[in-house]
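*Asks:* In order, the protein sequences belong to chains A and B.
Offset between the first sequence (1-based) and our numbering: plus 1.
Offset between the second sequence (1-based) and our numbering: plus 1.
From the three backbone atoms N, C-alpha and C, an ideal C-beta is built for every residue, glycine too.
Number of protein chains: 2
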Amino acid sequence: MYAVILAGGGGTRLWPLSRRARPKPFLPLLGEQSLFQLTLARIAPLMPPEDVHVVADQRHLPLVTQQAPQLIGRKLIGEPFGRNTAAAVALAALVIERPATDVMVVLPADHWIADEAGFRNALMVAARAAEDGSLVTLGIAPQGPETGYGYIVGTSDDDAGNSGRRVARFVEKPDREGATELLASPGGAWWNAGIFVWRRDALLASLERHAPAILGGIRRGLDNGQSLTTIYESLPDISIDRALMEPASLQGEVKVVPADVGWSDLGSWNALHGELAKRQAAQAGVVAIGAAQDLDSRDILVHSSGGRLVVTVGLADTIVVDTPDVVLVCAADRAQDVRAIVDRLTQAKETDYL
Amino acid sequence: MYAVILAGGGGTRLWPLSRRARPKPFLPLLGEQSLFQLTLARIAPLMPPEDVHVVADQRHLPLVTQQAPQLIGRKLIGEPFGRNTAAAVALAALVIERPATDVMVVLPADHWIADEAGFRNALMVAARAAEDGSLVTLGIAPQGPETGYGYIVGTSDDDAGNSGRRVARFVEKPDREGATELLASPGGAWWNAGIFVWRRDALLASLERHAPAILGGIRRGLDNGQSLTTIYESLPDISIDRALMEPASLQGEVKVVPADVGWSDLGSWNALHGELAKRQAAQAGVVAIGAAQDLDSRDILVHSSGGRLVVTVGLADTIVVDTPDVVLVCAADRAQDVRAIVDRLTQAKETDYL
């Protein structure tokens, strides 16, 4: 078993804390360690450091080795720019030379998992389920009809128990009604966390069938001595879910292993607020990181890393993020729209703030 | 006519912008000039700089001459610490040597007045009204039954026209019901802005009658060569309204000259928000001072003087104040409670933030 950690996420919805120079995976959002470090620690009991590989923006490789000195001298893959997860996974499948039947675990580096032992158990189950050449994905027990996640839908005529359930289809982020219907699927439905387990040869064969342009483009480029920049520029910007898992699931090649492990993608300030409120047993939902004083607020997150005192009075359902050069104050129900601010700054070429 | 400008106000409700080292009068809250500078400019057409005197905390005298170089070498009165307005006015009455019948105008340095010409006209009317030895106060046309102001109540059997209306009594900050009743007074009711006009001899005589301990304490101390610190320590902490105007009004010694001049005491972030929204013709009540970006907020004030970008998303009725070392985010209807935060920091001896 070996791991490929995808540390390329931008985390723009956690701006202004998450920046181009230090994006979400490399931030200590839930304590002392960054999400990337937590991801490494989570799998450390399963494999030695030499079996852990990281795909990240090449500008972030110094952060990778700074936060994980045990990876110095290991195979780290620096991307010239992000080209979504299909390119990253295919590249890792090709350049990390392992025996054909070795099992590759693909892990995003920007998620939170509360139950680490449960998570490792799920990975071991998934590894067994992958022995027959299936593409295996962990299925997160849904907490409700959320519209922000992709869904994995199981087949109703299959009960493989410990070896995973056959997947009928993947569904991109549905609307509320669609999500509610999915939860009632007879074969079960799970959130797609982007955690995949497969034999290397099975992955390469499936990529060959379902995403030949991506696999072939990288392979030919590498054979011809092209730079990764040149190779990446020719690749489509597409997720591994869409490029591989969706078509493969329709061919019966995919299994899901349920994992009720306290997962969160920390996908917004709201999600982070929820996790921190749980961990800190927050009074009235008031969560403060850093120097903060509050009077009579409820359900607020104050994140102060700018070295200043943040004072809140009488607020409700509000996010306050203080950084050295930007202060964000955001209504909790608008936390998704932080991305729109980042887009606006990008268009205005306000790169200092990005 | 000569002016005594009281620049001792702490302005704690405008914390964290207003600080001990640079309190409210010395802040450019409404444009380029500080409220103190605006106060000077407002009366400049009425008198030359040599007739303008300032009472301020002695630590702020450098700010006074920095902001008003024309006052260098003039009579500036530095208080060792604040002892409220009765002490400041009595001290000024004694140490600024002027002929007995000269008219003294007392002006707070931390208010805003939109109609400067109207204000000067009201002062001239008040000066005439003071010629008979009355203590004269400007009466601000009430905008509603506000509970945050003192009220001046006129006598119903007097119509002095241009020479001012006789005052029946002063009322300290009433409750809502009391304020509503006051507004229906047959003799009229006005907000007390702490702007007074009187002959020097009339003031000294009235102080002798109604506040002999204060006047006598200062006079004896000065005669005996005591330090102002020693003198001030012996004085009661009481306003000129309470020490002089209330008892004098009961003796028929006080007149009010109505002044509908666009006055605001800028007494809280909310009040400042209101003034700025009027001046800037703000869209959806969104007022921004300094570097700020907003998405879909309404009725917010963003005051950025910390050199950072302040980003607001989806807020309503909120005050955001960014300074170099403190960020305040406050529900608009809790703006009065900023004072409670200052009290808490004072008790915790967090003097860096005060």
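Should residue 219 of chain A be counted as a contact of the ligand ATP given a C-beta to heavy atom distance under 6 Å?
*Replies:* With respect to the ligand ATP, the structure offers nothing, as it holds no ligand at all.
*Asks:* Would you say residue 171 of chain B and residue 254 of chain B are within 7 Å of each other, going by their C-beta atoms?
*Replies:* If you number the second sequence from 1, residue 171 of chain B lands on position 170. If you number the second sequence from 1, residue 254 of chain B lands on position 253. For residue 171 of chain B and residue 254 of chain B, no; Cβs fall outside 7 Å.
*Asks:* With a cut-off of 8 Å on the beta carbons, I'd call residue 138 of chain A and residue 85 of chain A a contact; round off their distance for me.
*Replies:* Residue mapping note: residue 138 of chain A aligns to position 137 of the first sequence, counting from 1. Residue mapping note: residue 85 of chain A aligns to position 84 of the first sequence, counting from 1. Between residue 85 of chain A and residue 138 of chain A the Cβ distance is about 17 Å, and since that is not below 8 Å, they are no contact.
*Asks:* Using the beta-carbon of each residue, which ones in chain B are nearer than 9 Å to residue 96 of chain A?
*Replies:* Within the first sequence, residue 96 of chain A is the residue found at index 95, counting from 1. Correct list: empty, because the minimum Cβ distance to chain B is about 40 Å.
*Asks:* Where do the N-terminal and C-terminal ends of the beta strand (DSSP E) with residue 78 of chain A fall, by residue?
*Replies:* One-based indexing of the first sequence puts residue 78 of chain A at position 77. Per DSSP, residue 78 of chain A belongs to the beta strand (DSSP E) from 77-80.
*Asks:* Using a cut-off of 9 Å between C-beta atoms, extract the partners of residue 300 of chain A located in chain B.
*Replies:* Position 299 of the first sequence, counted from the start, is the residue given in the question as residue 300 of chain A. Correct list: empty, because the minimum Cβ distance to chain B is about 13 Å.
*Asks:* Which residues in chain B have a C-beta closer than 9 Å to the C-beta of residue 284 of chain A? List them in chain order.
*Replies:* By one-based count along the first sequence, residue 284 of chain A stands at place 283. Result: empty, since nearest Cβ-Cβ is about 17 Å, beyond 9 Å.
*Asks:* Listing by chain order, which chain A residues have their CB less than 8 Å from the CB of residue 291 of chain B?
*Replies:* Position 290 of the second sequence, counting from 1, holds the residue named residue 291 of chain B. Result: empty, since nearest Cβ-Cβ is about 11 Å, beyond 8 Å.
*Asks:* Closer than 7 Å by beta-carbon distance: list the chain B residues that pair up with residue 288 of chain A, in chain order.
*Replies:* Mapped onto the first sequence, residue 288 of chain A falls at position 287. Those within 7 Å of residue 288 of chain A in chain B number zero; the least Cβ separation is about 14 Å.
*Asks:* By alpha-carbon positions, which one of A:330, A:136, A:309, A:305 ends up nearest to residue 312 of chain B?
*Replies:* Here the question's residue 312 of chain B lines up with position 311 in the second sequence. For residue 312 of chain B, the nearest C-alpha among the options comes from A:330.
*Asks:* For chain B, is any of its Cβ atoms less than 7 Å away from the one on residue 12 of chain A?
*Replies:* Translated into positions along the first sequence, residue 12 of chain A becomes position 11. It does not; no Cβ of chain B falls within 7 Å.
*Asks:* What does residue 313 of chain A reach in chain B if we use C-beta pairs closer than 7 Å?
*Replies:* Against the first sequence, residue 313 of chain A aligns to sequence position 312. Result: 330.
*Asks:* What is the DSSP secondary structure of residue 313 of chain B, counted as helix, strand or coil?
*Replies:* Here the question's residue 313 of chain B lines up with position 312 in the second sequence. Note: residue 313 of chain B maps to strand in three-state DSSP.
*Asks:* 7 Å is my cut-off, CB to CB: does residue 20 of chain A come that close to chain B?
*Replies:* Translated into the one-based positions of the first sequence, residue 20 of chain A becomes position 19. Not an interface residue.
*Asks:* Output yes or no for whether 7 Å exceeds the beta carbon distance between residue 126 of chain B and residue 257 of chain B.
*Replies:* Taking the first residue of the second sequence as position 1, residue 126 of chain B is located at position 125. Taking the first residue of the second sequence as position 1, residue 257 of chain B is located at position 256. For residue 126 of chain B and residue 257 of chain B, no; Cβs fall outside 7 Å.
*Asks:* What are the boundary residues of the beta strand (DSSP E) that includes residue 45 of chain B?
*Replies:* The residue you call residue 45 of chain B lines up with position 44 of the second sequence. Segment: none, residue 45 of chain B is in no beta strand (DSSP E) and carries neither H nor E.
*Asks:* What do you reckon, are the CB atoms on residue 23 of chain A and residue 269 of chain A nearer than 7 Å?
*Replies:* Counted from its first residue, the first sequence places residue 23 of chain A at position 22. Counted from its first residue, the first sequence places residue 269 of chain A at position 268. No, Cβ-Cβ distance for residue 23 of chain A and residue 269 of chain A is not below 7 Å.
*Asks:* Quick one: grab the DSSP three-state call for residue 97 of chain A.
*Replies:* For the purposes of this step, residue 97 of chain A is taken as the residue at position 96 of the first sequence. Three-state result, residue 97 of chain A: coil.
*Asks:* Whose Cβ in chain A lies nearer than 8 Å to the Cβ of residue 294 of chain B?
*Replies:* Translated into the one-based positions of the second sequence, residue 294 of chain B becomes position 293. The contacting residues are 342, 345, 346.
*Asks:* Starting from residue 256 of chain A, trace the beta strand (DSSP E) both ways and give me its first and last residue.
*Replies:* Residue mapping note: residue 256 of chain A aligns to position 255 of the first sequence, counting from 1. Counting along the chain, the beta strand (DSSP E) containing residue 256 of chain A begins and ends at 255-260.
*Asks:* Measuring CB to CB, does residue 48 of chain B end up less than 7 Å from residue 201 of chain B?
*Replies:* Here residue 48 of chain B is taken as the residue at index 47 of the second sequence, counted from 1. Here residue 201 of chain B is taken as the residue at index 200 of the second sequence, counted from 1. Not a contact, by the Cβ cut-off of 7 Å.
*Asks:* For residue 309 of chain B, which residues in chain A fall below 7 Å Cβ to Cβ?
*Replies:* As a working mapping, residue 309 of chain B is identified with position 308 in the second sequence. Under the 7 Å cutoff, chain A gives 326, 327, 328.
*Asks:* Is the stretch 265-284 of chain B in contact with the stretch 108-118 of chain B, if contact means three or more CB pairs nearer than 8 Å?
*Replies:* With a cut-off of 8 Å, the stretch 108-118 of chain B and the stretch 265-284 of chain B count as touching, because enough Cβ pairs lie within range.
*Asks:* DSSP three-state label for residue 271 of chain B, please.
*Replies:* Position 270 of the second sequence, counted from the start, is the residue given in the question as residue 271 of chain B. Residue 271 of chain B falls in the helix class under three-state DSSP.
*Asks:* Could you compute how far the alpha carbon of residue 157 of chain A sits from the alpha carbon of residue 16 of chain A?
*Replies:* Looking up residue 157 of chain A in the first sequence gives position 156. Looking up residue 16 of chain A in the first sequence gives position 15. Residue 157 of chain A and residue 16 of chain A: Cα-Cα distance of roughly 41 Å.
*Asks:* Exposed or buried, residue 307 of chain B, counting other C-beta atoms within 10 Å across all chains shown (16 or more means buried)?
*Replies:* In the second sequence, residue 307 of chain B corresponds to position 306, counting from 1. Burial call: buried.
*Asks:* Strictly by DSSP, which residues pair up with residue 294 of chain A?
*Replies:* As a first step, residue 294 of chain A is located in the first sequence; it is residue number 293 there, counting from the start. Residue 294 of chain A is bridged to A:312.
*Asks:* In three-state terms, what does DSSP make of residue 1 of chain B?
*Replies:* The structure shown does not extend to residue 1 of chain B, since chain B is modelled only from 2 to 355, so the question has no answer here.
*Asks:* Just to check my reading of the structure: residue 261 of chain A and residue 169 of chain A have Cβ atoms closer than 8 Å, yes? What is that Cβ distance to the nearest angstrom?
*Replies:* Your numbering for residue 261 of chain A matches position 260 in the first sequence. Your numbering for residue 169 of chain A matches position 168 in the first sequence. 20 Å between Cβ atoms; not a contact.
*Asks:* With a threshold of 7 Å on Cβ separation, who are the neighbours of residue 209 of chain A within its own chain once the five nearest residues in sequence on each side are excluded?
*Replies:* Within the first sequence, numbered from 1, the residue matching residue 209 of chain A stands at position 208. The answer, listed in chain order, is 216.
*Asks:* Starting from the Cα of residue 320 of chain B, find the closest Cα among B:301, B:305, B:273 and give me that residue.
*Replies:* Translated into the one-based positions of the second sequence, residue 320 of chain B becomes position 319. Considering only alpha carbons, the answer is B:301.
*Asks:* Within 10 angstroms of the Cβ of residue 74 of chain A, are there 16 or more other Cβ atoms? Answer buried if so, exposed if not.
*Replies:* Numbered from 1 along the first sequence, position 73 holds the residue referred to as residue 74 of chain A. So residue 74 of chain A ends up on the exposed side.
*Asks:* Whole-angstrom Cβ separation of residue 62 of chain B and residue 27 of chain B, contact assumed at under 8 Å?
*Replies:* Here the question's residue 62 of chain B lines up with position 61 in the second sequence. Here the question's residue 27 of chain B lines up with position 26 in the second sequence. In fact, because the Cβ distance is near 11 Å, the residues do not count as touching under 8 Å.
*Asks:* Out of A:310, A:173, A:102, A:37, which has the shortest C-alpha to C-alpha gap to residue 325 of chain A?
*Replies:* Here residue 325 of chain A is taken as the residue at index 324 of the first sequence, counted from 1. Of the listed residues, the one whose Cα sits closest to residue 325 of chain A is A:310.
*Asks:* Sort B:328, B:46, B:317, B:291 by Cα distance to residue 291 of chain A and report the nearest one.
*Replies:* Residue 291 of chain A sits at position 290 when you count from the first residue of the first sequence. The shortest C-alpha separation from residue 291 of chain A is found at B:328.
*Asks:* In three-state DSSP terms, what is residue 318 of chain A?
*Replies:* Position 317 of the first sequence, counting from 1, holds the residue named residue 318 of chain A. Three-state result, residue 318 of chain A: strand.
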